[in-house]
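This report refers to the structure that appears directly beneath it.
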Amino acid sequence: MQLNLAEDCALKVDGNIFLNKVAVSEYLDNNQHLLEGINFIEHLDFHMKYGYNIDNNPIKIAYDSQGLVQRIIIKTRNYSNKRLMLNISYDGANYHGFQIQFEQKTIQGELSRLISTINNQDIIVQGASRTDAGVHAFNQVAHFDDASSISIEDWKKFLNYQLPKDIHVNRIEKMHPLFHSRYDVYKKEYIYKIKLGDYTPFLNKYTMHVEYLDFLRLDDQLKKIIGSHDFTSFSKGFKKDSVRYIYDAGYRIDNEILEIYISGNGFLRYMIRLIVNHVVNFATKKTNLDILDIIKEKSRKNTRDLAPANGLYLNKIIY
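If you use our numbering, the sequence shown closes out at 338, no skipped numbers anywhere.
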């Protein structure tokens, strides 16, 4: 099989890692059997390809926007034949975020505890997005390697019976052994819900309240973040690479509930909540600072406040 490699491509074969086009080409030329007879799985219509080579070794190939191979992963040993993907929804109001934390109640902790019990070994469920404390999810994606003989149908019944009622498993699917819920993500979409008009206490845990805002000013700021930007001004903590690509951003409104939606290839810590806080302030005329000028500053001096966590929802993950 001939592959068009990107200059900065990477190859991982078991524990061996090769970086850049020259090193990858040299290794593959000397181990041509690894790319022989590859059959890709057609029903996994993702932005990368999953399959098996002639020796039945699992292989995963990721492509860049120009169709060049960005990375290749091949396993010849020590891989699970039963990797399961979970699609889950949760009300994050009573949790300290998704990621396991010491002596704190988390979504990952609840899932991992139950799955470890059935497998009789410690298993950490991997998630696509590390949602913060108080943040909700309609379609979080996670995966784990299952060593039990339990069917997918029974797994779903067991988890939904044992999990707290504010966590629900929507779907379970058997995946390719190299599928990874976090590293294989192509696009994430978050929405932020705002209750307009009169305050409603029953929505307090699930929306931010804003009496009135200017929709033209809101749309102006949201449309300006589409594309590739360095979002240092809209993140917490130092990140070596703060550039993210925003595919789409805008709003929709239904019965006094405003939904701000933002989809991108990834997000920095607190990035969505910092952006929402700014665009709401701009739309309520609390500031006239343009979002592109703030982005150029690469500083948090004008983005110190976060929108509340309770209005934020992980809406969907695309692979």
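Idealized CB from N, CA, C, for every residue including glycine.
Checklist entry - What residue ranges within the segment 166-215 form continuous beta strand (DSSP E) runs of no fewer than 3 residues, ordered along the chain? => result 186-194, 206-215
Item to check | Residue interval of the beta strand (DSSP E) (run including GLN159) | outcome: Taking the first residue of the sequence shown as position 1, residue 159 is located at position 140. Run containing GLN159: 155-164, per the beta strand (DSSP E) assignment.
Checklist entry - For LEU331, which residues does DSSP report across the bridge? => result As a position in the sequence shown, residue 331 is number 312, starting the count at 1. According to DSSP, which records beta bridges pairwise, LEU331 is partnered with TYR211.
Checklist entry - Does any C-beta atom of chain C lie closer than 8 Å to the C-beta of TYR338? => result Absence of chain C from the displayed structure is noted, only one protein chain being present.
Checklist entry - Over what stretch of residues does the alpha helix (DSSP H) that includes ASP48 continue unbroken? => result The residue you call residue 48 lines up with position 29 of the sequence shown. Per DSSP, ASP48 belongs to the alpha helix (DSSP H) from 40-49.
Item to check | Which of helix, strand or coil DSSP assigns to SER247 | outcome: Working through the sequence shown from its first residue, we reach residue 247 at position 228. Three-state DSSP puts SER247 in a strand.
Checklist entry - Between GLU192, TYR289, LYS335, which lies nearest to ALA326 when the distance is taken from Cα to Cα? => result Numbered from 1 along the sequence shown, position 307 holds the residue referred to as residue 326. Comparing Cα positions, the closest option is TYR289.
Checklist entry - Going by alpha carbons, who is nearest to GLU172 out of ALA156, LEU53, ARG190? => result In the sequence shown, counting from the first residue as 1, residue 172 sits at position 153. If we check each option's Cα against that of GLU172, ARG190 comes out closest.
Next on the checklist: Is ASP33 close to the ligand FMN? I mean its beta-carbon at under 7 Å from any heavy atom of the ligand.
Outcome noted: Of ligands this structure carries none, so the ligand FMN is not represented either.
Next on the checklist: Buried or exposed for LYS207, going by 16 or more other Cβ atoms inside 10 Å?
Outcome noted: Against the sequence shown, residue 207 aligns to sequence position 188. LYS207 should be labelled buried.
Checklist entry - Which term fits LYS259, buried or exposed, when burial requires 16 or more other beta carbons within 10 angstroms of its beta carbon? => result Reading the sequence shown from its first residue, position 240 is the one you call residue 259. By the 10 Å Cβ count, LYS259 comes out exposed.
Next on the checklist: As a quick exercise: from ILE186, LEU30, LEU331, ASP249, pick the residue whose alpha carbon is nearest that of GLU45.
Outcome noted: Here the question's residue 45 lines up with position 26 in the sequence shown. Taking each of ILE186, LEU30, LEU331, ASP249 in turn and checking the Cα distance to GLU45, the smallest one comes out for LEU30.
Item to check | From GLU278, SER167, SER282, ILE337, residue whose alpha carbon lies closest to that of ILE265 | outcome: One-based indexing of the sequence shown puts residue 265 at position 246. It is SER282.
Item to check | Extent of the continuous alpha helix (DSSP H) to which ARG132 belongs | outcome: For this step, residue 132 is matched to residue 113 along the sequence shown. In the DSSP assignment, ARG132 falls within the alpha helix (DSSP H) that extends over 126-138.
Item to check | Separation of MET194 from GLU61, as counted between CA atoms | outcome: Here residue 61 is taken as the residue at index 42 of the sequence shown, counted from 1. Here residue 194 is taken as the residue at index 175 of the sequence shown, counted from 1. If you take the alpha carbons of GLU61 and MET194, they lie about 12 Å apart.
Next on the checklist: Could you check whether the segment 240-257 touches the segment 266-280, counting it as contact only if at least three pairs of C-beta atoms, one from each stretch, sit closer than 8 Å?
Outcome noted: yes
Checklist entry - The beta strand (DSSP E) spanning SER68 covers which residue range? => result Residue mapping note: residue 68 aligns to position 49 of the sequence shown, counting from 1. First, the amino acid is wrong: residue 68 is Lys here, not Ser. From DSSP, the beta strand (DSSP E) with LYS68 extends over 67-71.
Item to check | GLU26: first and last residue of the uninterrupted beta strand (DSSP E) it sits in | outcome: Position 7 of the sequence shown, counting from 1, holds the residue named residue 26. 24-32 is the extent of the beta strand (DSSP E) around GLU26.
Next on the checklist: By the three-class DSSP mapping on this structure, what secondary structure does GLY111 have?
Outcome noted: As a working note, residue 111 is residue 92 in the sequence shown. DSSP places GLY111 in helix when its eight states are reduced to three.
Next on the checklist: Going residue by residue through the segment 72-102, where are the continuous beta strand (DSSP E) segments of at least 3 residues, counting only ones entirely within it?
Outcome noted: 77-82, 88-93
Next on the checklist: Could you pull the DSSP bridge partners for ALA339 from this structure?
Outcome noted: Since the first residue of the chain shown is 20 and the last is 338, residue 339 is not available in this structure.
Next on the checklist: One question on the structure: do ALA161 and LEU130 come within less than 8 Å of each other, judged by their Cβ atoms?
Outcome noted: Start at 1 with the first residue of the sequence shown, and residue 161 comes out as number 142. Start at 1 with the first residue of the sequence shown, and residue 130 comes out as number 111. Result yes, Cβ atoms of ALA161 and LEU130 sit closer than 8 Å.
Checklist entry - For ALA81, which option in ASN307, THR306, PHE198, ASN274 has the closest C-alpha, if you only look at C-alpha atoms? => result Your numbering for residue 81 matches position 62 in the sequence shown. If we check each option's Cα against that of ALA81, PHE198 comes out closest.
Checklist entry - Does the Cβ-Cβ distance between TYR338 and ASP203 come in under 8 Å? => result The count along the sequence shown starts at 1 and reaches residue 338 at position 319. The count along the sequence shown starts at 1 and reaches residue 203 at position 184. Yes, these two residues count as a Cβ contact at 8 Å.
Item to check | Residue of LEU47, ASP165, ILE142, SER148 minimising C-alpha distance to ARG102 | outcome: Walking along the sequence shown from the start, residue 102 turns up at place 83. Nearest option by C-alpha distance: ASP165.
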